[in-house]
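Visitor: Pasting a structure below so you can have a look.
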Amino acid sequence: MAATTLGGKTAAWLVNESDKLGKKKPKRIVKHKKKAWRVTSIEDVERYLESKRLDERLGAPFEERPSESLFILDTKAVTDKPVKSEPTKRRKIKEIGPLRCYSILTPSSAVQDPLKKRNRVRLPEERGDPLLRKVMEERRARGKIATRFVQSMKHHQENVDALANKKKPERLRTVFDFDLWGEAGDSLMIGDKRVSALDLSDQLKTYTMEKIGKRIYSRPPTMFSKTTGLQPVEFPHPGTSYNPTFQDHQALLKEAYDVEAKEIRAEVKTRRRLGPMLKKIPIQRKEAQWWTEMTQGLADEEEPTNGAEEEVPAVRPTKPKTRKQKIRAKALKWQDMRRKKLKEAKKRLLEFDRLRSIRREIRKSEELTVKRIEIRKKEKEAKMFKPAMLSKYKYEPPQIEVNLSEDIVGTLRGLKTEGHVLIDRYKSLQRRNIIEPRIRQTVNYRYKHKVFTKRSHSEPKGLKVGKRNNKEQ
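Counting from 893, one number per residue, gives the positions in the sequence shown under this note's numbering.
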């Protein structure tokens, strides 16, 4: 360990003999040139300054301190304490004091602040006017407290009481040992277990519990609510028979004709509307139209301006109202307000004379409400027989299965089949809102394009082009 300098004197007791042996002799170099400044060592100077700063922080050097501040004379004799066999008591909680994490904010240096009037965050008791604070303390001593402080204390106590009386949230259930859908008191005891008895018989539940050992839970009422009024299997049209009557077959053909005619009308309407947009235009005419559209408005900007600029009409500033005009405007405003109030009062008086007509209007509005309720009820019932919108695709009804007159042979063996059973069942599920309408998804495979260099375009390996002629020579 190298020798340190404290208070201008070298502490010999800090010198280590091994450091003397291993220490190199400093080079003797010329120091009046700039090149030698980098070689000069200032470690001893820095060490000395660091020791001085430490002394300033701690108060005074160790040499100048009295012995009483460095050593303590122990006058108490050490006595052997008996070992307690009983368990030690819980250690006492330390008194609440300043936290250790705030110690970095407290000044640890004995050096006084050179700036006496440095800005700092004042404590709550230091803020505000001292005279006003003194008056407030005198009032509090006499028992006079400001209303806002009383109100604040009251609100604080109310918040504390509300927090104490607040209902604690229930713990999330992890074991469902009760009937979630059953009603209170509607249960059946089998041994030491309670079983619900809502939609099943007692005999069946008793048998299930005794033989299988499993509980039978009630089902939610939403399971029994119908989402559609359609039948699972609908009766086909009589005209689809292999030997239909003439009237039934004609009625089926009429339905198929109406559907086809509706599709044709929609297609014609679409073509009529989109016809002008889909018209074929020659390229020269298309380019001319594009040029006209792109140059539209440029001719107005490029027009030569006249030498004489257009005169802008001068806007005269509005004159402020005179005192007489202000008084007159105020009087007119008051007259208008009074006229409106008189009109409203007169209208209120006339309302007593038309009580019979008011009753008639109320009766009509009630009748209209009842009529609207009936209309909504009918719409809801009709909606039960239509497919709901369960996805972004609309339900498309299947094509009507119909045979023409020449295809009907009158026998089941020679009948020409129309439609498919699986498609019919699939559409029935969509119509009854069991599955959502969907479309067939296709996957487009994109293979990676293979790139390679042709043999005729590639340079031969192992042959340098620059030395080809030299070898031939």
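C-beta atoms are modelled at their ideal positions from N, C-alpha and C, and glycine is treated no differently.
Is it buried or exposed, Q1322, if we count other Cβ atoms within 10 angstroms and call 16 or more buried?
Guide: If you draw a 10 Å sphere on the C-beta of Q1322, you find 16 or more other C-beta atoms in it, and that means buried.
Visitor: Quick check: what's the CA-CA separation for A952 versus N1051?
Guide: 55 angstroms
Visitor: Can you tell me the Cα-Cα spacing of R1177 and Y1285, whole angstroms?
Guide: Using only the alpha carbons, I get a separation of about 41 angstroms.
Visitor: If you run the structure through DSSP and keep just helix, strand and coil, what is Q1291?
Guide: It is coil, neither helix nor strand.
Visitor: H1312: buried (16+ other C-beta within 10 angstroms of its C-beta) or exposed?
Guide: exposed
Visitor: Mind checking whether E1147 and I1292 have CB atoms under 7 angstroms apart?
Guide: yes
Visitor: Once the 5 residues before and after L962 are set aside, which same chain residues still bring their CB inside 8 angstroms of it?
Guide: F954
Visitor: Find out if the Cβ-Cβ distance for the pair N1135, G1302 is shorter than 7 angstroms.
Guide: yes
Visitor: Compare the beta carbon distance of R1324 and L1144 with 7 angstroms and say whether it is the shorter of the two.
Guide: No, they are not a contact pair.
Visitor: Count the other C-beta atoms from every protein chain shown that fall within 10 angstroms of the C-beta of H1141, then say buried if there are 16 or more, exposed otherwise.
Guide: buried
Visitor: What are the start and end residues of the alpha helix (DSSP H) that includes D1140?
Guide: From DSSP, the alpha helix (DSSP H) with D1140 extends over F1138 to L1166.
Visitor: Tell me whether the beta-carbon of P1279 lies closer than 7 angstroms to the beta-carbon of K1319.
Guide: no
Visitor: Helix, strand or coil, according to DSSP, for E1351 in the structure here?
Guide: coil
Visitor: For the alpha helix (DSSP H) that contains Q1322, what are its first and last residues?
Guide: V1313 to R1323
Visitor: Measuring straight from C-alpha to C-alpha, what distance separates R1165 and K1235?
Guide: 56 angstroms
Visitor: DSSP three-state label for R1330, please.
Guide: coil
Visitor: Using three-state DSSP, classify K1340 as helix, strand or coil.
Guide: coil
Visitor: Going straight from the alpha carbon of L1296 to that of I1326, what length do you get?
Guide: 33 angstroms
Visitor: So, using beta-carbon positions, are E1328 and S1283 closer together than 7 angstroms?
Guide: yes
Visitor: Can you tell me which of the three DSSP states D1053 falls into?
Guide: Reduced to three states, the DSSP call for D1053 is helix.
Visitor: Whole angstroms are fine: how far does the CA of T1345 sit from the CA of A1153?
Guide: 60 angstroms
Visitor: V1013 and E948: beta carbons closer than 7 angstroms?
Guide: no
Visitor: Are M1281 and T1120 close, meaning C-beta to C-beta below 7 angstroms?
Guide: no
Visitor: Grouping DSSP H, G and I as helix and E and B as strand, with all else coil, what is H924?
Guide: coil
Visitor: What separation, rounded to the nearest whole angstrom, lies between the Cα atoms of K944 and P1006?
Guide: 18 angstroms
Visitor: To the nearest angstrom, report how far apart P1113 and R1240 are at their CA atoms.
Guide: 54 angstroms
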